[in-house]
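These protein sequence lines map, in sequence, to chains H and C.
To convert a position in the first sequence, counted from 1, into our numbering, add 65.
To convert a position in the second sequence, counted from 1, into our numbering, add 65.
Glycine included, every Cβ here is placed at the ideal spot set by N, Cα and C.
There are 2 protein chains.
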Amino acid sequence: MNADILKERSGASFDVEKLTNILDDGTEKTKRRREIESLVFSDEDFKEQDPNFLSRSERYDQAVRKSAQMILKIRDYGISDPEEIYYYKSTVKGNQHEVLGLHFVMFLPTLINLCDSEQSKKWLPLAQSFQAVGTYAQTEMGHGTHLRGLETTATYDPSTQEFVLNSPTVTSIKWWPGGLGKTSNHAIVLAQLYTLGKCHGLHAFVVPIRDMNTHEPLPGILVGDIGPKFGFHEVDNGYLRLDNVRIPRDNMLMKYAKVEPNGTYVKPPSAKLTYGTMVFIRSMIVGESARALSKACTIAIRYSAVRHQSEIRPGEPEPQILDYQTQQYKLFPLLAEAYAFLFVGQYMGQTYNRINGDINQGDFSELPELHALSAGLKAFTTWAANSGIEVCRMSCGGHGYSRSSALPDIYVNFTPTCTYEGENTVMMLQTARYLVKSYRQAKEGRQLSGMVSYLNEAETQRVQAQPVSARPTVVDVNDLSSLVEIYKLRAATLIEMAVKSIQQELQHRKSQEDAWNNSSIDLVRASDAHCHYVVVKLFTNKLREVSDTSIHSVLSTLALLYALHGITKNSGDFLQAELLSVPQMLQISLRIKELLAQLRPNAVALVDAFDINDRKLNSCLGRYDGNVYEHMFEWARRSPLNATEVHESFHKYLKPLRAKL
Amino acid sequence: MNADILKERSGASFDVEKLTNILDDGTEKTKRRREIESLVFSDEDFKEQDPNFLSRSERYDQAVRKSAQMILKIRDYGISDPEEIYYYKSTVKGNQHEVLGLHFVMFLPTLINLCDSEQSKKWLPLAQSFQAVGTYAQTEMGHGTHLRGLETTATYDPSTQEFVLNSPTVTSIKWWPGGLGKTSNHAIVLAQLYTLGKCHGLHAFVVPIRDMNTHEPLPGILVGDIGPKFGFHEVDNGYLRLDNVRIPRDNMLMKYAKVEPNGTYVKPPSAKLTYGTMVFIRSMIVGESARALSKACTIAIRYSAVRHQSEIRPGEPEPQILDYQTQQYKLFPLLAEAYAFLFVGQYMGQTYNRINGDINQGDFSELPELHALSAGLKAFTTWAANSGIEVCRMSCGGHGYSRSSALPDIYVNFTPTCTYEGENTVMMLQTARYLVKSYRQAKEGRQLSGMVSYLNEAETQRVQAQPVSARPTVVDVNDLSSLVEIYKLRAATLIEMAVKSIQQELQHRKSQEDAWNNSSIDLVRASDAHCHYVVVKLFTNKLREVSDTSIHSVLSTLALLYALHGITKNSGDFLQAELLSVPQMLQISLRIKELLAQLRPNAVALVDAFDINDRKLNSCLGRYDGNVYEHMFEWARRSPLNATEVHESFHKYLKPLRAKL
């Protein structure tokens, strides 16, 4: 064990294990998680080459092997609880992705949700036995976010009782679905349904794309890999061009909408039913943001405790870089953010489960708020984690660029969350739509519930005509509930500004739609402020559940840093709304420096509490034992370029060059 | 040609070619640049596979081949002007790097600068004929920024008149030098010089590391590739461990410092002489920031003109995504920034040349300011371009993640500039040191020159005790010189705040060094504000040189957007310093929206003016003709995973899996 990191650990003011239990949501869960992780670590079948040393084809090969093994092992071990399956899979995956991911996350669930009972009997056994390996083909080359724009057609032919599927244009080629390129033999294809000469919009069809025995593409199918990407190297995101591909009528998933043998279209009873999966996945992504950022913080903070560089005081040994105020200022707010997002992720999970229970009982009342909240928080947390990971990477100096640090892998495999499952700006605007609607309802005197209920209060306060200039003095910058209050008022102010912008545009004779577009900068800003408020509030709420004094103390410091740092990064908003005064802003800057110094002795312990096993972290810089340099050297020596002492290019190009000069 | 992009071009209000000439610094230069570029494009020898489809060893091989060809061709064509060599090489390189880069940028220049006349006769012919292929080995695994901390030793042995070089620890292993791993047979090694029992600090030694004939590593040398990185895949950044490696006495570069045969050390006359290269490279990086950001903007803006998505007005066709205000708000400030940085890059080049002329005449007076400016602007522009490239990438939706967009390559190959040639935070603090010193000199009544001279003015203004609250009303937010003025005052205010923080720390009995460290957040913020002021000022100054009315008009709009957007992103600073009022801040937000709308018709023309040839841009999304989707599809079909219809992993893992279930 590296002496520095040992010393860091002995200086912590709290019991790391207890904090881990809080993050895991209970002692039992920590125990069970570790048991499952150790199943993977002790398993010779999961020994692997660092994927960074492999060609893309080798990476894909290794990923398919691991996926196949996972399926067998999970069955053999009898792991069936979804959370435990998640532990197992995420341990196997490490910083990479699962090549069969979409089979589990989209293909199977869609079959379960959209098959009628006859179809279930046919497709579920095929999918569960991996005779049918599937993906979900929605996005097209020219169409992502806007589903109505999708161009793929499925035209019903009553004479043969078949659908004929076509990709009429280049832009209509299905593009991006994971596992589509090489792995899947079936795809659920979203296509515009035409029957009896009429278009009925988007519907889902099960399309066999490869022969189940030979795996060769079927007639009319052009399928392949879309080529290398920023990350996801082991996943065969694919393309699919359909050329008069005929499928039987009952390959349309008919639980809700139907096409009868004669071509008659039967409408689905409600559109709300498909709403849930999307909300679930977005809620899950909030947790992914937290976990990705936790990994990056673990690496950067441990390395900063081990790395010595330059000098603060002349003549003294080089200090740990964690002692530089600028380094603390880069990393500790991100550490606080990682904690904040972990707690928000817990909240979203619990809320989803609660509301899902309500939905199953027919109560949809809270779904709109959850939908708006999951959209905004998905965007807010992924953007923040995305830039935070890069700050962590760059805080590691040169070594952060090495693949041995794992930081490049963490970044490239996380950053797509900003785009998939709803592009972030679009997500922010969806939340804004809900906020504007809620604002107008509050104006009309309607009582709001949930996270937007402050819009009622703001209305009340405005009615009382409280002198704005008197407000700032009451804010105590050391009191979290005061800070929650001003985050709330900031959000209320920005929502009001966005609404006013829309009104002004309308006064200039703009249409509703143009007014909306011309106010969209303000709308995104308002959503961002609302989400920021929610995060500060949930972090503060979480503290109430923590009984251990020393943990309560260190988490409170983190929460305060999170809140105050957010204020300085958006100081203009708070000053413009007269929520804080200039002297208070200076006071906050000073207070932040104190908080950094206060957190310094607990920084390593705080990342230790994330309890990310070395095998899962796979980072030479972030190792628990701090023995960074020995392992970087050992890792580098395994680089494929070192397989021979002399690379053939010397004989091919460099030696001949001399002769020519 | 895509119809949308054609329409965009016909709507431009200015002559694109004239603006290109301004960016190239003259019509003749544009012509010559294009001539040189076409030499490369028409050259069959530079036809290559997309490196993204190759294994790392193949990429390295291709890069060595191209480097060797470049050397021959540049000689054959008789290209000798440094700027023209730069054109040629950057055209060959595209978004990748030159594997022999350090031979040209560091090995040769160091030999030229540090060899005495005898040594020059030996080493220069060897290096120029590529008998000796070299690199510059300074950084070690445990040491980057802080040169005094380097551990490699060179101990003089008078009995054999040799230096004995050693890597005494794991952390002392040379790490990162480009071309060190496989390509170079020599390295200039920076090592602590010991002679007659005394250490004389860091000196440079030419160390043969591989046999010049066989290319096998020499005895005592452990050399290799440090493994895959975030980018720079084709470059063999290397490690070097020295174990009692003996080199002749005259392999120490002795132009200034010397060791005599008996071991007597002779001090160099001045330390200033090595200062220049560093300043030169940092100044160059400012231009690299501009070029990288220009590429990213070209791709994102052209694609946004081609891509149609969603709806603004119901029932109408899907709009170009460039019509969304949020998209404009992401991209146009970056476009303005790219222009700003191009002009700052031009200024830095001119200033470097001027001051270098002075230095050659023995006048070092302006070097400290240039040193401070190049450090700060290197950090300021690389950070901004770094995050800007990612904003561009994410603004392209899913396709931005594809390697076919080129955006991932541009990012990973640019981002190291934030760390190399001086880690950015360290750079900002170097600039801060100069600013604090200048501030104190101004306080003492000394007249400052150059970019910091405003610290005198600020001093004067303070003496006049101008009522602060009266100030805001005089700022005209549409007048660039007014805005330059408030950026200046913001910088002055933040420098003063940083100095006050140091003073307060000293009053709390902290040492100078601790006071500095405990104020470093404020110091970085002050440097950042100073650099921001310099950029706004230089952009504004540049406008004076532009005589063409329509170009002047569009560049003024960009400059105004750059300045106002910078204010809103740092609105707290301007409000805190009472440089702007709350109503003005609202006015600025509205004005920004107007500017976005104003720039919209010129956006494509403004990126066209960067004149980045398709071959150099190598992006399916950023193509000049806008035929995005056809080329993405064609590119994807060439993906190596598509070489066979059925990947072997199907037979190895997926088919057997079914049998086991």
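Under 8 Å between C-beta atoms, does residue i make it to chain C?
| i | result |
| --- | --- |
| V105 of chain H | no |
| W188 of chain H | no |
| R665 of chain H | no |
| Y466 of chain H | yes |
| V129 of chain H | yes |
| T210 of chain H | yes |
| D579 of chain H | yes |
| T490 of chain H | yes |
| V198 of chain H | yes |
| A365 of chain H | no |
| V542 of chain H | no |
| N707 of chain H | yes |
| Q257 of chain H | no |
| Y689 of chain H | no |
| M459 of chain H | yes |
| Q568 of chain H | no |
| P293 of chain H | yes |
Verify the CB distance criterion: does residue i have a CB-CB separation below 8 Å to chain H?
| i | result |
| --- | --- |
| I586 of chain C | yes |
| T204 of chain C | yes |
| R555 of chain C | no |
| C362 of chain C | no |
| P284 of chain C | no |
| A670 of chain C | no |
| S369 of chain C | no |
| V501 of chain C | no |
| L71 of chain C | no |
| F715 of chain C | yes |
| Y142 of chain C | no |
| F698 of chain C | yes |
| G207 of chain C | yes |
| E431 of chain C | no |
| S375 of chain C | yes |
Thinking residue i and residue j are a contact (beta carbons under 8 Å), I'd like their distance in whole angstroms, please.
| i | j | result |
| --- | --- | --- |
| H168 of chain C | G199 of chain C | 5 Å |
| K443 of chain C | G487 of chain C | 7 Å |
| P313 of chain H | Q226 of chain H | 7 Å |
With 8 Å as the threshold, decide whether the Cβ of residue i is near any Cβ in chain A.
| i | result |
| --- | --- |
| K658 of chain C | Absent here is chain A; the protein component of the structure consists of chains H and C. |
Have a look at the DSSP bridge pairing and note the partners of residue i.
| i | result |
| --- | --- |
| T260 of chain C | C:K263 |
| P313 of chain H | H:E227 |
| H268 of chain C | C:A256 |
| H298 of chain C | DSSP lists no partner for H298 of chain C. |
| P282 of chain C | C:R275 |
| H373 of chain C | C:Q385 |
| K323 of chain H | H:V331 |
| G303 of chain C | C:D290 |
Any heavy atom of the ligand FAD closer than 7 Å to the CB of residue i?
| i | result |
| --- | --- |
| R656 of chain H | Although the ligand FAD was asked about, the structure shown includes no ligands whatsoever. |
Note down, in chain order, all residues in the region 386-404 of chain H with a beta-carbon under 7 Å from any beta-carbon belonging to chain C. Residues Y389, Q390, T391, Y394.
List in chain order: all unbroken beta strand (DSSP E) runs of 3+ residues lying wholly within the region 607-678 of chain C. Whole beta strand (DSSP E) segments, 3+ residues: zero.
What are the uninterrupted segments assigned as beta strand (DSSP E) that are 3 or more residues long and contained completely in the region 176-250 of chain H, given in chain order? If we require 3 residues or more, the beta strand (DSSP E) runs fully inside the region 176-250 of chain H come out as 199-202, 218-222, 227-231.
Scan the region 97-147 of chain H and note each continuous alpha helix (DSSP H) run of 4 residues or more that stays entirely inside, going in chain order. Uninterrupted alpha helix (DSSP H) stretches at least 4 residues long and entirely within the region 97-147 of chain H occur at 121-142, given in chain order.
The region 232-253 of chain H: which residues have C-beta closer than 7 Å to a C-beta of chain C, in chain order? Here the close residues are V235, T236, I238, W241, G246, K247.
Can you list, in chain order, the residues of the region 141-174 of chain C whose Cβ is nearer than 7 Å to any Cβ on chain H? Of all residues in the region 141-174 of chain C, none comes within less than 7 Å of chain H when Cβ atoms are compared.
Near-chain H residues of the region 636-654 of chain C (beta-carbon distance less than 7 Å), N- to C-terminal order: Closer than 7 Å at the C-beta level to chain H, one finds these residues of the region 636-654 of chain C: S636, G637, L640, Q641, V647, M650.
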